[in-house]
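A short write-up of the structure that comes next.
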Amino acid sequence: MENILVPIGVVGMLFIGLPWLILHYSTQWKRAGSITQEDENLLDELYDLARRLDDRMDSIERIIAADNPDWTPRVSGPEDRIEDLLEERGSTDIAGNVRRL
């Protein structure tokens, strides 16, 4: 009896269990790899907040520069050119958000 059950169990695991396991985890990886609508909305809100804070910093720097002529504004780094780079690449989602601001 054991001589028959062991090969049947092995064949069952090989042809049913293994493909099920592979397909299950491949769909889990695909689902986890994409961004949800809620996460995308959160990123949009954070991006808008960052742009407003950057505008406020620019306003503060202009006020300080008007009051103190010896003051030098912050050095613009590569992150200040993000809008230009996105427009050059033609990114639709992010560039649309940048143009909207």
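Start counting the sequence shown at 27; every next residue gets the next number (the numbering used here).
Where is the CB? At the ideal position from N, CA and C, for every residue including glycine.
Same chain only: Cβ atoms within 6 Å of residue i, ignoring 5 sequence neighbours per side
i	result
Glu71	none
Leu49	none
Leu75	none
For residue i, the nearest candidate out of the options (CA to CA)
i	options	result
Arg88	Leu79, Pro99, Asp80 and Arg78	Pro99
Proximal residues to residue i (C-beta, below 8 Å), its chain only, five neighbours per side dropped
i	result
Ala91	Trp97 and Pro99
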